[in-house]
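Student: Each residue of the sequence shown is one higher than the one before, starting from -12 at the first, in the numbering used here.
Okay, handing you the structure first.
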Amino acid sequence: MNRKTEKAFILDDKGNILFEKGGTSKSVQFNLKESRYFVDNIFIHNHPGASSFSLDDINIMVRYRMKEIRAVGVDYQGNVQRYIIKPRTPGVYPKGENIRKDYKVAFRSAYSRWEKIYKSGKVKWEEAVINIGNELWTEVAKKNKELIYISEVI
Ligand SMILES: [Zn+2]
């Protein structure tokens, strides 16, 4: 879990690993054949730095109609952060364009807020990044009721 690069797993309902793949420090790339494993399954990957989801993560979930997506990482304090996003009703997703639109607005607002707090010296940048991600996905899920967003320390 405490890796410098990303690694992704696709699991079925029963927790069996169907597929796994490594990537760079920022992402894991999949080809078309591999993406067939996505549909109706659970996608788990680590985030070096323990930040929340990228917009790409959620785009992939919606596009391939995944059951759930999780990101796990060890933060600057050594805590294991886990993020989960999934449809409230299986198979029912918001429109990708709505998510992208709400993401952009929420990102700008959370970023400028935490940038100010960071510049005042109250938080480390690593902490600000985690808070930006959490705030923005909480906001996106509030506007897109089809989504459930969970952030927890495990
Ligand atoms: Zn990710």
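Quick reminder that beta carbons are idealized off the backbone N, C-alpha and C, glycines included.
Being a predicted model, the structure only gives us computed values, none of them experimental.
Give the single residue among Leu19, Ser41, Ser14, Leu(-2) whose Cα lies nearest to the Cα of Met53.
Tutor: With distances taken between CA atoms, Met53 lies nearest to Leu(-2) out of Leu19, Ser41, Ser14, Leu(-2).
Student: Starting from the C-beta of Lys(-6), find all residues in its chain whose C-beta is less than 8 Å away, skip the five residues before and the five after it, and write them out in chain order.
Tutor: Glu7, Lys8, Gly9, Gly10, Val15, His32, Asn33
Student: Just to confirm, are Leu123 and Tyr90 a CB contact at a threshold of 8 Å?
Tutor: yes
Student: Below 7 Å, is the gap between the Cβ of His25 and the nearest heavy atom of ligand 1?
Tutor: In the sequence as presented, His is not what sits at residue 25; that position holds Phe. Outside the cutoff, so no.
Student: Cα separation between Val92 and Val127?
Tutor: Taking the straight line from one Cα to the other gives about 9 Å.
Student: Note down, in chain order, each residue of its chain lying with its Cβ closer than 8 Å to the Cβ of Thr76, except the 5 sequence neighbours on either side.
Tutor: Glu133
Student: Taking only heavy atoms of ligand 1 into account, decide whether any of them is closer than 7 Å to the Cβ of Asp44.
Tutor: yes
Student: Straight-line CA distance for Lys129 to Met48?
Tutor: Roughly 18 Å between the two C-alpha positions.
Student: Hey, would you say the C-beta of Ser41 is under 7 Å away from at least one heavy atom of ligand 1?
Tutor: yes
Student: Check whether the stretch 92 to 102 touches the stretch 56 to 68, counting contact only when three or more Cβ pairs, one atom from each stretch, lie closer than 8 Å.
Tutor: The stretch 92 to 102, when compared against the stretch 56 to 68, does not touch it at the 8 Å Cβ threshold.
Student: Assess contact between the stretch 35 to 44 and the stretch 109 to 122, defined as three or more Cβ pairs (one per stretch) separated by less than 8 Å. Is contact present?
Tutor: Because the criterion of three Cβ pairs below 8 Å is met, the stretch 35 to 44 and the stretch 109 to 122 touch.
Student: Where do the N-terminal and C-terminal ends of the beta strand (DSSP E) with Lys91 fall, by residue?
Tutor: Run containing Lys91: none in the beta strand (DSSP E); it sits in the alpha helix (DSSP H), 83 to 106.
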